[in-house]
Amino acid sequence: MTQDLLKIEFSLPEADYDAAVLFLSTAIQHGWEESQAVDGTTHFSTYLENHEEGREVARQIGARWPHSGIRTEEAQSQDWGQSWREFFTPIECGGRFEILPPWLSDEQHAEFTPIIIEPKMAFGTGHHPTTALCLTCIADLNREGHIAPGMEFLDLGTGSGILGIGLAKLGLHGLGLDIDPQAIACARENAEINAVAEAFSVAVGGITTLPEDKRFQVIVANILSKPLIFMAKDILSHLAPGGCLALSGILVEQAQDVIRAYKRLGLPDPVQRDEGEWCGLLWTHVVRAEGAES
26 MTQDLLKIEF SLPEADYDAA VLFLSTAIQH GWEESQAVDG TTHFSTYLEN
76 HEEGREVARQ IGARWPHSGI RTEEAQSQDW GQSWREFFTP IECGGRFEIL
126 PPWLSDEQHA EFTPIIIEPK MAFGTGHHPT TALCLTCIAD LNREGHIAPG
176 MEFLDLGTGS GILGIGLAKL GLHGLGLDID PQAIACAREN AEINAVAEAF
226 SVAVGGITTL PEDKRFQVIV ANILSKPLIF MAKDILSHLA PGGCLALSGI
276 LVEQAQDVIR AYKRLGLPDP VQRDEGEWCG LLWTHVVRAE GAES
């Protein structure tokens, strides 16, 4: 039995692109489709299960960009998967990973580690800059010898599980947490598709659901700036001494606020890696931070 969804479509000129991506990143937990015309206009399309929420998102888009031609229509859930098939293209990240949908898995390139993602209504297909940025950070950590097989990781806000799957394919094992049950179901399915379910387990929950004494040698969190600031002490309390921490989902203009929150707990300045309006923050060999319980 299919479920009715609300489809939202609108188009904006190049000058409005960055602001639109910022808005969508904060208003929608999963992804959206983009297609660009020759003149630089970008057409955006997304689906929402909650019609009231979707109508509010559409109302805000119409208020912010009256020239966007915003329109909504009822659609069946099967259209979601079909629409992804029409635009999903393989993505290379960090010279190490290649993100592919199942229907293109036979076209993977031997020089990359494949991550097969079944596109569904959960954030993290690799098309969003923050996801690609975080995977690039993971590839760099591996290349530079900061992470190695056998280490244990936490993927906080796992979404589709893409980051945890990438770590598991490098020989690490760990846990993915997300407060959205739909995302966890998606992450579990993707872990099975990639044959890493034994190394990568997932569960509904947040950082405070972990046992107080649980430590991870690697923590990755692709969320948003405010939650990362709010959870700073809890995140650091679960990072093992000498571990690595990678944070993303951060706008470049918000990076200093996040950095200050972690420096107040004893961390040094991170390595900051920017991609357009977004950035990732990376700490390696983290010593015990002030305020983090042992």
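Terminal number for the sequence shown in our numbering: 319, no gaps in between.
The beta carbon of each residue, even a glycine, is placed where N, CA and C say it ideally should be.
As computed with DSSP, Pro139 is found in a beta bridge with Glu123. When rounded, the separation of the alpha-carbon atoms in Gln61 and Thr67 is 4 Å.
Note on geometry: alpha-carbon atoms of Leu276 and Thr233 lie some 25 Å from one another. With the rule of 3 Cβ pairs closer than 8 Å, the segment 200-220 does not count as touching the segment 242-253.
Ranked by how close their Cα comes to the Cα of Gly189, the residues Val311, Glu169, Ile163 have Ile163 in first place.
DSSP places His68 in the strand class (E or B) of the three-state scheme. For Thr309, the enclosing beta strand (DSSP E) covers residues 303-311.
In the three-state reduction of the DSSP assignment, Thr97 falls in the strand class, which pools E and B. Secondary structure note for Leu160: its alpha helix (DSSP H) is the uninterrupted segment 154-168. If you look at Ser250, you'll find it in the alpha helix (DSSP H) that goes 250-255. Excluding the 5 residues flanking it on each side, Gly267 has same chain C-beta neighbours closer than 6 Å at His310, in chain order.
For Ala246, the enclosing beta strand (DSSP E) has its first and last residue at 241-247.
For Val227, the enclosing beta strand (DSSP E) starts and ends at 225-229. Of the candidates Ala157, Phe178, Val312, Ala157 places its Cα closest to the Cα of Glu117. Under the DSSP assignment, Asp203 falls in the beta strand (DSSP E) whose first and last residues are 198-203.
When DSSP states are grouped into helix, strand and coil, Asp299 belongs to the strand group.
Comparing alpha carbon positions, the residue from Ala52, Gln279, Val283 closest to Pro293 is Val283.
In this structure, His198 lies away from Leu235, with their beta-carbon atoms at least 8 Å apart. Contact annotation: Asn219 and Ile140 have beta-carbon atoms nearer than 8 Å.
In this structure, the beta-carbon distance from Ala286 to Ile260 does not fall below 8 Å. Cβ-Cβ distances below 6 Å link His171 to Cys269, Thr309 in the same chain, with the five nearest sequence neighbours on each side left out; the list follows chain order. Going by beta carbons, Cys211 and Gly305 fall outside the 8 Å limit.
With respect to Lys32, Thr138 sits apart: the two C-beta atoms are not nearer than 8 Å.
Under the three-state reduction of DSSP output, Gly79 falls in the helix class.
Shown here for Ser226: same chain residues with a beta carbon closer than 6 Å to its own, the five before and five after excluded, namely Leu200 in chain order.
Per DSSP, the beta bridge partners of Leu264 are Phe241.
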